[in-house]
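Just below is one structure, and these are the notes that go with it.
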Amino acid sequence: MGRKLLLDKIHIPGIQSYEVYRQNGGYTAVEKALKNYSPDQIVEEVKKSGLRGRGGAGFPTGMKWSFLAKPPGVPRYLLCNADESEPGTFKDRYLMEHIPHLLIEGMIISSYALGANTSYIYIRGEYFYVSRILEKAIAEAYQHGWLGKNILGTDYSLDLYVQVGAGAYICGEETALIESLEGKRGNPRIKPPFPAVAGLWGCPTVVNNVETISAVVPIINIGGEEYAKIGIGKSTGTKLISASGHINKPGVYEIELGLPVEEFIYSDEYCGGIRNGKKLKAVVAGGSSVPILPAELILKTAKGEPRLMSYESLADGGFQTGTMLGSGGFIVMDEDTSVVENLYTFTRFYHHESCGQCSPCREGTGWMEKILKKFIDGTATMSDVDLLWDIQSKIDGRTICPLGDAASWPVASAIRHFRHEFEEAVRNKGIKKVNYYNKRWGLVEV
Amino acid sequence: MSAQIHGVLPFDKEKRKQIKFSDDALQTIENIKKRYPEGKQKSALIPVLHIAQAENDGWLSPEVMDYVAELLNISPIEVFEVASFYTMFNLKPVGKCVLEVCRTSSCWLNGANEIVAYIEKKLGIKEGETTPDGMFTLKTVECLGSCGTAPMMQCGASYHENLTFEKIDAIIEKYRKENKRRNYTDLDWENTK
Chain A
1 MGRKLLLDKI HIPGIQSYEV YRQNGGYTAV EKALKNYSPD QIVEEVKKSG
51 LRGRGGAGFP TGMKWSFLAK PPGVPRYLLC NADESEPGTF KDRYLMEHIP
101 HLLIEGMIIS SYALGANTSY IYIRGEYFYV SRILEKAIAE AYQHGWLGKN
151 ILGTDYSLDL YVQVGAGAYI CGEETALIES LEGKRGNPRI KPPFPAVAGL
201 WGCPTVVNNV ETISAVVPII NIGGEEYAKI GIGKSTGTKL ISASGHINKP
251 GVYEIELGLP VEEFIYSDEY CGGIRNGKKL KAVVAGGSSV PILPAELILK
301 TAKGEPRLMS YESLADGGFQ TGTMLGSGGF IVMDEDTSVV ENLYTFTRFY
351 HHESCGQCSP CREGTGWMEK ILKKFIDGTA TMSDVDLLWD IQSKIDGRTI
401 CPLGDAASWP VASAIRHFRH EFEEAVRNKG IKKVNYYNKR WGLVEV
Chain B
1 MSAQIHGVLP FDKEKRKQIK FSDDALQTIE NIKKRYPEGK QKSALIPVLH
51 IAQAENDGWL SPEVMDYVAE LLNISPIEVF EVASFYTMFN LKPVGKCVLE
101 VCRTSSCWLN GANEIVAYIE KKLGIKEGET TPDGMFTLKT VECLGSCGTA
151 PMMQCGASYH ENLTFEKIDA IIEKYRKENK RRNYTDLDWE NTK
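In order, the protein sequences belong to chains A and B. This note's numbering numbers the first residue of the first sequence as 1 and each following residue consecutively. This note's numbering numbers the first residue of the second sequence as 1 and each following residue consecutively.
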């Protein structure tokens with residue numbers, strides 16, 4: 001059993017409520033932080049912990065915090081990014097729905113560390129019901145004096161609000177999130193200036209993912225050094241993995257970073273192996289944006305070493321033979337799956353979600369979607385494979401925000417590792433139809 | 001005043017005059033405005049548009065957008081540019097229950113296409129259409145963060161997960177019997193895991 005720091009209490013009945021959360025050690029990290037630490041000392045603890053952003057980019061959180069500008073007389077803001085929209089990722093929703101006070105506790109400590117007196121949790125609009133759960137929990141926290149004026153009798157005050165979005169993947173990009181919170185379209189900003197200098201309403205702002213902020217609670221409870229001992233190398237601590245696709249036990253799992261991928265997929269503690277006794281074909285390990293890897297490369301690196309669930313091991317081999325941990329959205333595909341058709345769903349997604357500011361992304365994603373549809377309909381030609389490659393290469397790195405890169409990487413990796421499937425689709429004039437519903441519910445002999 | 005919505009969309013001045021949100025809605029909007037510093041009330045726009053949509057039979061008419069602009073003291077075109085950007089805002093009338101079936105990767109891998117086909121056949125409409133009685137609209141949407149419980153669909157504030165055809169039959173029957181509009185802002189959401 002790996003160590004659990006975020007989900008250790010999730011199965012306690014009633015943990016959603018303030019009373020049960022508090023009875024089980026909840027809010028002790030706030031007490032410790034506000035009474036024993038200065039804001040800078042908390043930033044130091046987080047630096048020591050080695051915690052890296054859990055939203056996808058993996059940037060060291062303590063370092064991000066230390067970049068925050070602190071001009072006198074100007075308010076600073078902490079924004080929690082709960083816009084979870086990366087296909088394959090549902091861990092933040094799980095945390096907020098089942099143990100909402102953990103995020104609130106993390107928000108209080110993090111806001112204190114950054115000197116923010118007003119903070120917002122920006123949650124995707126589709127999670128409206130989760131926003132109700134958070135609002136209820138926030139009301140409870142106010143009622144018990146964890147939010148509001150002079151928390152625990154100190155001179156620190158904090159107001160915390162939930163802001164709902166309205167359906168736009170792009171608002172998970174931090175500057176688009178800020179624009180959206182300002183009541184505008186979610187168009188990412190050109191950087192610099194970075195939000196740490198000029199973010200929400202032009203004020204210094206930090207944007208952190210739900211899981212990142214929640215992880216601050218155990219870091220304060222056990223200490224940054226202790227946290228850093230968990231995991232492997234620069235991948236410290238635990239990570240929530242959202243596991244989905246053709247596995248026996250889809251769900252959210254907390255793993256110690258460094259767990260072998262093979263164990264994660266096949267052990268009964270985690271995914272429980274491939275459904276219907278099928279063989280593993282491919283995995284998208286960190287949300288739709290990261291390169292897809294065939295079975296042999298997700299289980300072992302090109303050098304033949306076991307692949308581990310860590311930032312470094314998953315990236316081993318670069319984009320040629322590796323991938324990324326990303327958001328931890330782990331999508332598993334069995335041997336019957338068409339990689340081309342799966343890619344079509346990703347590309348359609350990026351086309352739908354492109355904000356339209358940059359031509360390479362706005363136009364390129366649409367072209368790629370159309371071309372991929374031709375493979376499914378059986379009207380594609382061999383030259384379309386090269387055309388797809390050409391288009392993705394002209395999006396990557398040529399846009400204001402990383403959505404363009406995110407749209408191009410799945411296409412590039414699918415062609416890199418599964419070119420033969422594209423060519424088969426051309427030769428066979430289409431893709432073999434599979435009834436995935438019947439497979440899902442085991443309704444046919446599969 | 002900067003650009004008006006009137007020149008962009010068909011606009012009915014008589015309809016506009018009749019628009020008035022419920023006292024509850026107006027009170028909620030006043031509370032939302034207090035979440036932001038003085039002068040930054042435009043930040044309330046997205047939460048307010050959710051309320052506006054629920055107050056206006058599930059969609060944002062040009063007249064309603066104009067009314068929201070007045071509530072927040074911003075220009076109507078600022079409302080329209082936001083309303084037209086975000087997929088949860090309907091700029092055309094929809095049925096009382098909008099069934100939004102997720103079909104991205106994990107949902108597709110678990111039968112989203114078959115789910116859409118089943119609902120299309122059952123309701124006799126195609127994706128994007130509304131039943132003649134105005135009860136159901138069928139939509140396909142991109143990833144709703146329910147990949148581990150695929151296939152799934154959203155209706156109003158409720159997530160219906162691990163969908164089977166039988167489950168869909170039961171949901172549709174229940175909604176038809178209740179005959180009420182389902183909004184994202186509903187408080188009586190239920191999750192059928």
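All C-beta atoms, glycine included, are put in the ideal place defined by N, C-alpha and C. Remember, predicted model here, so these are calculated numbers, not experimental data.
Going by C-alpha positions, Lys429 of chain A is about 9 Å away from Thr381 of chain A.
The C-beta of Arg189 of chain A comes no closer than 9 Å to any C-beta of chain B.
Here the C-alpha atom of Ile108 of chain A lies approximately 18 Å from the C-alpha atom of Leu5 of chain A. Beta-bridge analysis with DSSP links Leu160 of chain A to A:Ser119. The Cβ neighbour count for Ala117 of chain B, taken over all protein chains shown within 10 Å, is under 16; the residue is labelled exposed.
For Asp377 of chain A, the enclosing alpha helix (DSSP H) starts and ends at 359-377. Rounded to whole angstroms, the separation of the alpha carbons of Asp23 of chain B and Phe59 of chain A is 46 Å. Shown in chain order are the members of the stretch 86-105 of chain B whose Cβ falls below 9 Å from a Cβ of chain A: Tyr86, Thr87, Met88, Phe89, Glu100, Arg103, Thr104, Ser105.
Residues of the same chain with a CB within less than 6 Å of the CB of Gln53 of chain B, apart from the 5 flanking positions on each side, are Leu60 in chain order.
Neighbourhood of Trp389 of chain A in chain B, by CB distance below 8 Å: empty, with the nearest CB roughly 21 Å away. Of all residues in the stretch 14-43 of chain A, none comes within less than 8 Å of chain B when Cβ atoms are compared. With respect to the 9 Å criterion, Gly56 of chain A and Ser242 of chain A are not classified as neighbours on the basis of their beta carbons. Within the stretch 21-85 of chain B, no run of beta strand (DSSP E) reaches 3 residues while sitting entirely inside it.
The beta-carbon of Leu71 of chain B is placed no less than 9 Å from the nearest beta-carbon of chain A. Taking a beta-carbon distance threshold of 9 Å, Pro47 of chain B counts as an interface residue toward chain A. Taking a contact as a CB-CB distance under 8 Å, the pair Ile133 of chain A and Pro100 of chain A counts as one, their CB atoms being some 5 Å apart.
The alpha carbon of Lys70 of chain A has as its nearest neighbour, out of A:Asp40, A:Thr89, A:Gly88, the alpha carbon of A:Asp40. Between the alpha carbons of Asp188 of chain B and Lys136 of chain A lies a gap of roughly 14 Å. At a cut-off of 9 Å between beta-carbon atoms, Asp92 of chain A makes contact with chain B. In terms of Cα proximity to Val164 of chain A, the closest of A:Gly224, A:Asn81, A:Tyr227, A:Val197 is A:Asn81. Listed by position along chain A, the residues whose Cβ is nearer than 7 Å to that of Arg35 of chain B are Tyr161. The residue among B:Cys147, B:Asp57, B:Glu166, B:Tyr159 with its C-alpha nearest the C-alpha of Gly329 of chain A is B:Cys147.
Secondary-structure assignment with DSSP links Ser158 of chain B through a beta bridge to B:Cys155.
Rounded to the nearest whole angstrom, the CA to CA distance from Ile15 of chain A to Arg93 of chain A is 15 Å. For the 9 Å CB-CB criterion, Ser17 of chain A and Trp65 of chain A do not form a contact.
When secondary structure is reduced to three states using DSSP, Arg348 of chain A falls in the helix class. With a cut-off of 8 Å on Cβ pairs, the stretch 154-173 of chain A is not in contact with the stretch 168-178 of chain B, counting fewer than three such pairs.
Between Glu312 of chain A and Tyr169 of chain A, the C-beta gap is not smaller than 9 Å, which leaves the two residues out of contact. Beta bridge pairing from DSSP links Tyr253 of chain A with A:Ile241. Straight across, the Cα-Cα distance linking Tyr36 of chain B with Ala44 of chain B is about 8 Å. Neighbourhood of Trp409 of chain A in chain B, by CB distance below 8 Å: empty, with the nearest CB roughly 14 Å away. For the pair His246 of chain A and Thr337 of chain A, the CB atoms are nearer than the 9 Å cut-off.
Taking a contact to require three or more Cβ pairs closer than 8 Å, the stretch 199-217 of chain A and the stretch 291-307 of chain A do not qualify as touching.
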